[in-house]
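Peer 1: Each protein sequence line maps, in turn, to chains D and C.
Number 132 in numbering that gives the first Met the number 0 belongs to position 133 of the first sequence; there are no gaps in the numbering.
Number 4 in numbering that gives the first Met the number 0 belongs to position 5 of the second sequence; there are no gaps in the numbering.
Just so it is clear, CB atoms sit at the ideal spot from N, CA and C, and this is done for glycine as well.
Quick caveat, the model's predicted, so the values are computed rather than measured.
My questions all concern the structure below.
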Amino acid sequence: MNRPITMPALSDTMNDGRLVRWLRKVGDPIRKGDALAEVETDKALMDVEAFHDGVLTGPLAPENAQVPVGSVIGYVADDAAQTPGAGRASAAPAAAATAAAPAAAAATAAAAAATAKTPPPAGATAPAGSVRASPYARRLAQQLGVDLTKLDSGQAAVHADAILDAAHRTSKSDLDAGPPYRIAPLSSIRASVARTVIRSLATPVFRVAAELPIGPLKSAAGQAKVSFTLMLARAAALAVKDNPLLNAAYTPEGLALRERVDVGIAIDTPGGLIAAVLRDVGARSLAQLAADWHGLRERVDSRRLKPEDYRGATFYLSNLGTFPVVHSFDAVLPPGAAAILCVGAAEGERAVFTLGCDHRVLAGADAARFLQSFARQLAEPGTLAGGTP
Amino acid sequence: MSQELLYWQALNRAMDVEMAADEAVFTLGEDVGLYGGSYRVTEGLHAKYGEWRVRDTPISENSFTGLGVGAALVGMRPVVEIMTINFLPLALDSIINGAAKIPFMSGGQFRMPLVVRMPGGVARQLGAQHAQRLEHTLMNVPGLRIAVPSTPQDAYWQLRQAIASDEPIILLEHELLYFSKGPVDLLADPPPMHRAALRRAGRDLTIVTYSRHALLSQDAAAELAKEGIEAEVIDLRSLKPIDWDTCASSIEKSHRLLVVEEDCRFAGAGAEIASALAERCFYSLDAPVRRLAGLDIPTPFNGTLEAATIPQVSDIVVAARALCQSGQESKAS
Numbered sequence: 000m001n002r003p004i005t006m007p008a009l010s011d012t013m014n015d016g017r018l019v020r021w022l023r024k025v026g027d028p029i030r031k032g033d034a035l036a037e038v039e040t041d042k043a044l045m046d047v048e049a050f051h052d053g054v055l056t057g058p059l060a061p062e063n064a065q066v067p068v069g070s071v072i073g074y075v076a077d078d079a080a081q082t083p084g085a086g087r088a089s090a091a092p093a094a095a096a097t098a099a100a101p102a103a104a105a106a107t108a109a110a111a112a113a114t115a116k117t118p119p120p121a122g123a124t125a126p127a128g129s130v131r132a133s134p135y136a137r138r139l140a141q142q143l144g145v146d147l148t149k150l151d152s153g154q155a156a157v158h159a160d161a162i163l164d165a166a167h168r169t170s171k172s173d174l175d176a177g178p179p180y181r182i183a184p185l186s187s188i189r190a191s192v193a194r195t196v197i198r199s200l201a202t203p204v205f206r207v208a209a210e211l212p213i214g215p216l217k218s219a220a221g222q223a224k225v226s227f228t229l230m231l232a233r234a235a236a237l238a239v240k241d242n243p244l245l246n247a248a249y250t251p252e253g254l255a256l257r258e259r260v261d262v263g264i265a266i267d268t269p270g271g272l273i274a275a276v277l278r279d280v281g282a283r284s285l286a287q288l289a290a291d292w293h294g295l296r297e298r299v300d301s302r303r304l305k306p307e308d309y310r311g312a313t314f315y316l317s318n319l320g321t322f323p324v325v326h327s328f329d330a331v332l333p334p335g336a337a338a339i340l341c342v343g344a345a346e347g348e349r350a351v352f353t354l355g356c357d358h359r360v361l362a363g364a365d366a367a368r369f370l371q372s373f374a375r376q377l378a379e380p381g382t383l384a385g386g387t388p
Numbered sequence: 000m001s002q003e004l005l006y007w008q009a010l011n012r013a014m015d016v017e018m019a020a021d022e023a024v025f026t027l028g029e030d031v032g033l034y035g036g037s038y039r040v041t042e043g044l045h046a047k048y049g050e051w052r053v054r055d056t057p058i059s060e061n062s063f064t065g066l067g068v069g070a071a072l073v074g075m076r077p078v079v080e081i082m083t084i085n086f087l088p089l090a091l092d093s094i095i096n097g098a099a100k101i102p103f104m105s106g107g108q109f110r111m112p113l114v115v116r117m118p119g120g121v122a123r124q125l126g127a128q129h130a131q132r133l134e135h136t137l138m139n140v141p142g143l144r145i146a147v148p149s150t151p152q153d154a155y156w157q158l159r160q161a162i163a164s165d166e167p168i169i170l171l172e173h174e175l176l177y178f179s180k181g182p183v184d185l186l187a188d189p190p191p192m193h194r195a196a197l198r199r200a201g202r203d204l205t206i207v208t209y210s211r212h213a214l215l216s217q218d219a220a221a222e223l224a225k226e227g228i229e230a231e232v233i234d235l236r237s238l239k240p241i242d243w244d245t246c247a248s249s250i251e252k253s254h255r256l257l258v259v260e261e262d263c264r265f266a267g268a269g270a271e272i273a274s275a276l277a278e279r280c281f282y283s284l285d286a287p288v289r290r291l292a293g294l295d296i297p298t299p300f301n302g303t304l305e306a307a308t309i310p311q312v313s314d315i316v317v318a319a320r321a322l323c324q325s326g327q328e329s330k331a332s
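Structure (structure tokens):
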């Protein structure tokens, strides 16, 4: 009979190991206790030992692959006649590296039971072959060491996004070291924010802050009967128009230059953070913008936001000024924009504005010039209310 | 130094330049002479070069295309105009059994410097027998080369390159492109005749297309950009051979492929494009390759129904959006 050789759990924090190399080849006679392969755990190089006498049989998991604990990496046959995989070692399917045998699921379940954790979802016991994943997702999963069988993407098929998310998220072993926990499924908003901020990791950001008077803008907002945040967006958009580079976005082909200033405004909701996009904030009248803003807030509250309501901003605004304890802060700059303006709470008649900038697009002096323009708008808000035709 | 020309004017300039440069170049076809060509491509050439080199023919496609094949065999450089691709079936024997085979079967003793030009595609309410796309028929004939210019500049370059070539070349023009305008630099060096053109750069999906639908796809890409989807648009310019390298390097970046064609979907040009790129780029694809094509029916005369049988800009936008959203739906609803 063929007995499976599985990836051993060589430390209690080990979820998977890298199969460095096979020390024996298919067809080799082996004895119990022989070292068969070298595995790199999260701490050290260790040997995989044979538990039975017999003959090493394929298909063998490929060398240099990340393999989940418990996955079958090869077989020991009783004698050479039972080695159908002999000579097929090199033809072992690449998917084998991510194939979690039922043993993997059993191990997971046992661990979960031992620590009174939530049992793994039923889907986790499905063998890798039954996971619908795009070819690119499979390739990425192999390169990044993500176990496809443990992904519950909630979709018809696993796509690259889900693999990248999984590769970046908190590893289970970090959690297992702490107190018992339960998993609350991500709201769609949190999932989307998580994807966005992960994508923004590659953006080199610097920050420039300025403390500016906001009294005139506050009274102008009161006179015009519009929200202070909307007035801030308006002032920022006019300052962006004076400094068009703030409205650009970096692409590998070059800077994407946009005429229209569409401001993404961070909104705090029970389900998470949303950046609703107000279109053409630099050119439309304040009345039109106020109507749009009202509509956006309604759709946020009723959770009826459409993709066009939150995609495609050219500039971002985040106002935490409603929390009096916040002096100043900086925010993650979402992809697709060159800058985000963060507004702290007013202290007296002044507030601290922090501009986070994509350094591929902007330099410190660009940020300073923008803040100067913005300061002028704040000082003379009379021009804001009327709007340009 | 470029000037604005209509597509037919660009073809006309190319004919004029080549005829002036080489006495072996001549053209023949129905109404190419006195009338100046159904789409004006040979306008003025009859007066300038005379009836010997700009020859009106009877309505006999296989015969005058065969005449072209024979003339090419003895060293002339004929440019045969078939009035529309809908009459191509009558000329297929000369093209398939003659032009495409003789250089091969003679062991290279004969060259075939023949150009066969014809307009095709769905125009405006010309009926099922005058709204065909037959590129798939010609793509399956070894020995031919097929160029499909979508811009006046490409029309100018590719007709000149076709005339200069010693191989049999089919130039598929589109009936709705003859009066489209674009910049033409008469002196610029052309890219190789079969090189695909990157019409728009993007990161989210690759649209591979050709002829008039290269223009529609660019319009669609502009629409998509407004909602944050950046489509890369590749205009193939040539259907035989196809510049796979340009397509593949784009897919390796975008991981999604949409093939847009006016040809009928079943065994159409897009079927070859999609399958060849799926084979080549399998491990880079994050979603199944998607084809957007003409319906598999004879084209209706009714204008509304006619428009519904071929992809429109809005159809391309919808298909591209759907392709990009596979993999981005959120986990919790």
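1) Note the first and the last residue of the continuous beta strand (DSSP E) segment covering Q65 (chain D).
2) Cβ of G267 (chain C) less than 8 Å from any chain D Cβ?
3) With DSSP as the reference, please indicate the residues paired to D267 (chain D) in a beta bridge.
4) Going by DSSP, what residues sit across from E210 (chain D) in a beta bridge?
5) Along the beta strand (DSSP E) that carries Q2 (chain C), what are the first and last residues, could you check?
6) For a test of your reading of the model: does the CB of I84 (chain C) fall under 7 Å from any non-hydrogen atom of the ligand NAD? Yes or no.
7) Which residues in chain C have a C-beta closer than 8 Å to the C-beta of E252 (chain D)? List them in chain order.
8) Just curious, the beta strand (DSSP E) that D291 (chain D) is in, first and last residue?
9) Determine the DSSP secondary structure at Y34 (chain C), reduced to helix, strand or coil.
10) Using CA atoms only, rank isn't needed, just tell me which of D:Q222, D:P306 and D:G347 is closest to I188 (chain D).
11) Please name the residue, chosen from C:A130, C:A200 and C:W243, that lies closest to L294 (chain C) on a Cα-to-Cα basis.
12) Let's see if you can read the secondary structure: which residues bound the alpha helix (DSSP H) around G69 (chain C)?
13) Check I182 (chain D) in the structure and name its three-state DSSP category.
14) Taking the beta carbon of K225 (chain C) as the centre, do at least 16 other beta carbons fall within 10 Å, making it buried, or is it exposed?
15) Compile a chain-ordered list of the residues in the region 257 to 287 of chain C whose CB is closer than 7 Å to at least one CB of chain D.
16) Can you grab the Cα-Cα spacing for the pair A127 (chain D) / D308 (chain D), in whole Å?
17) According to DSSP, simplified to helix, strand and coil, what is I228 (chain C)?
18) Who are the Cβ neighbours of P101 (chain D) in its own chain at under 6 Å, not counting the five residues just before and after it?
19) Do you know offhand how far F109 (chain C)'s Cα is from G74 (chain C)'s?
20) Return the bridge partner residues of W402 (chain D) from the DSSP annotation.
21) Would V54 (chain D) and G26 (chain D) qualify as a contact pair, given that the criterion is a beta-carbon distance under 8 Å?
22) Quick one: using the 10 Å Cβ neighbour count with 16 as the cut-off for buried, is N63 (chain D) buried or exposed?
23) With a threshold of 8 Å between beta-carbons, can E226 (chain C) be considered close to chain A, or not?
24) Where DSSP assigns a beta bridge to P118 (chain C), which residues make up the other side?
25) Less than 8 Å between the beta carbons of N11 (chain C) and V31 (chain C), yes or no?
26) Taking the beta strand (DSSP E) that L291 (chain C) falls in, what are its first and last residues?
27) Grouping DSSP H, G and I as helix and E and B as strand, with all else coil, what is A345 (chain D)?
28) With distance defined between alpha-carbon atoms, name the residue in D:I273, D:A248, D:S129 and D:A8 nearest to A155 (chain D).
29) Can you give me, in chain order, the residues of the region 322 to 345 of chain D that have a beta carbon less than 9 Å from any beta carbon in chain C?
30) Does DSSP put D15 (chain C) in a helix, in a strand, or in coil?
31) Just mark H173 (chain C) as buried or exposed, buried being the case when its beta carbon has 16 or more other beta carbons within 10 Å.
32) According to the Cβ coordinates, are A336 (chain D) and A248 (chain D) closer than 8 Å?
33) To the nearest angstrom, report how far apart C246 (chain C) and C280 (chain C) are at their CA atoms.
34) Sort out for me which residues DSSP pairs N1 (chain D) with in a bridge.
35) Start and end of the beta strand (DSSP E) containing A238 (chain D)?
36) DSSP state of V316 (chain C), grouped into three classes?
Peer 2: The short version:
1) Working through the first sequence from its first residue, we reach residue 65 (chain D) at position 66. A64 to P67 is the extent of the beta strand (DSSP E) around Q65 (chain D).
2) Taking the first residue of the second sequence as position 1, residue 267 (chain C) is located at position 268. Chain D, which has no Cβ nearer than 8 Å to the Cβ of G267 (chain C), makes this no.
3) Reading the first sequence from its first residue, position 268 is the one you call residue 267 (chain D). Beta-bridge pairing links D267 (chain D) to D:L272.
4) Position 211 of the first sequence holds residue 210 (chain D). DSSP, once it has assigned bridges, lists D:V351 as partnering E210 (chain D).
5) As a working note, residue 2 (chain C) is residue 3 in the second sequence. Run containing Q2 (chain C): S1 to L5, per the beta strand (DSSP E) assignment.
6) The ligand NAD is absent from the structure shown, which contains no ligands of any kind.
7) Start at 1 with the first residue of the first sequence, and residue 252 (chain D) comes out as number 253. Those are A200, listed as they occur along chain C.
8) Working through the first sequence from its first residue, we reach residue 291 (chain D) at position 292. Premise fails: D291 (chain D) lies in the alpha helix (DSSP H), L285 to D300, not in any beta strand (DSSP E).
9) Numbered from its first residue, the second sequence carries residue 34 (chain C) at position 35. Coil, per DSSP.
10) Locating residue 188 (chain D) in the first sequence gives position 189, counting from the first residue. Closest option to I188 (chain D), Cα to Cα, is D:P306.
11) To locate residue 294 (chain C), count along the second sequence from 1; it is residue 295. When each option's Cα is compared against that of L294 (chain C), the closest is C:A130.
12) Stepping through the second sequence from its first residue, residue 69 (chain C) is reached at position 70. Where G69 (chain C) is concerned, the enclosing alpha helix (DSSP H) stretches over E60 to L72.
13) What you label residue 182 (chain D) is simply residue 183 of the first sequence in a count that begins at 1. Residue state, collapsed to three classes: coil.
14) Numbered from 1 along the second sequence, position 226 holds the residue referred to as residue 225 (chain C). Under this definition K225 (chain C) is an exposed residue.
15) F281, Y282, S283, L284, D285 and A286
16) In the first sequence, the residue the question calls residue 127 (chain D) occupies position 128. In the first sequence, the residue the question calls residue 308 (chain D) occupies position 309. Residue placement at A127 (chain D) is poorly supported in this model, since its pLDDT is 47, which falls under 50; the coordinates still yield a value, given next. Rounded to whole angstroms, A127 (chain D) to D308 (chain D) spans 38 Å at the Cα level.
17) The count along the second sequence starts at 1 and reaches residue 228 (chain C) at position 229. Note: I228 (chain C) maps to coil in three-state DSSP.
18) For this step, residue 101 (chain D) is matched to residue 102 along the first sequence. Only weak support is given to the placement of P101 (chain D): the predicted model assigns it a pLDDT of 40, under 50, and the value that follows is read from those uncertain coordinates. Excluding positions up to five away in sequence, the list is empty.
19) Along the second sequence, read from residue 1 onward, the residue named residue 109 (chain C) stands at position 110. Along the second sequence, read from residue 1 onward, the residue named residue 74 (chain C) stands at position 75. Cα to Cα, the separation comes out at about 9 Å.
20) The displayed coordinates of chain D run from 0 to 388. Any statement about residue 402 (chain D) would go beyond what the structure contains.
21) Here the question's residue 54 (chain D) lines up with position 55 in the first sequence. Here the question's residue 26 (chain D) lines up with position 27 in the first sequence. A contact, by the Cβ cut-off of 8 Å.
22) Residue mapping note: residue 63 (chain D) aligns to position 64 of the first sequence, counting from 1. Exposed.
23) Protein chains in the displayed structure are D and C, and chain A is not among them.
24) What you label residue 118 (chain C) is simply residue 119 of the second sequence in a count that begins at 1. Paired residue(s): C:E172.
25) What you label residue 11 (chain C) is simply residue 12 of the second sequence in a count that begins at 1. What you label residue 31 (chain C) is simply residue 32 of the second sequence in a count that begins at 1. Not closer than 8 Å, so no.
26) The residue labelled residue 291 (chain C) in the question sits at position 292 within the second sequence. That run of the beta strand (DSSP E) goes R289 to G293.
27) Numbered from 1 along the first sequence, position 346 holds the residue referred to as residue 345 (chain D). Looking at A345 (chain D) - three-state DSSP - the assignment turns out to be coil, as it is neither helix nor strand.
28) For this step, residue 155 (chain D) is matched to residue 156 along the first sequence. Checked all of D:I273, D:A248, D:S129 and D:A8; the closest Cα to A155 (chain D) is D:S129.
29) G335
30) The sequence position of residue 15 (chain C) within the second sequence is 16, counting from 1. Here D15 (chain C) sits in helix by DSSP.
31) Residue mapping note: residue 173 (chain C) aligns to position 174 of the second sequence, counting from 1. The residue is buried, with at least 16 neighbouring Cβ atoms inside 10 Å.
32) Counted from its first residue, the first sequence places residue 336 (chain D) at position 337. Counted from its first residue, the first sequence places residue 248 (chain D) at position 249. In contact: A336 (chain D) and A248 (chain D) (Cβ atoms closer than 8 Å).
33) By 1-based counting over the second sequence, the position of residue 246 (chain C) is 247. By 1-based counting over the second sequence, the position of residue 280 (chain C) is 281. One C-alpha to the other measures close to 9 Å.
34) Position 2 of the first sequence holds residue 1 (chain D). DSSP lists D:A76 as partners of N1 (chain D).
35) The count along the first sequence starts at 1 and reaches residue 238 (chain D) at position 239. Per DSSP, A238 (chain D) belongs to no beta strand (DSSP E); it is in the alpha helix (DSSP H), F227 to D241.
36) In the second sequence, counting from the first residue as 1, residue 316 (chain C) sits at position 317. In the structure shown, V316 (chain C) sits in a helix (DSSP, three-state: H, G or I).
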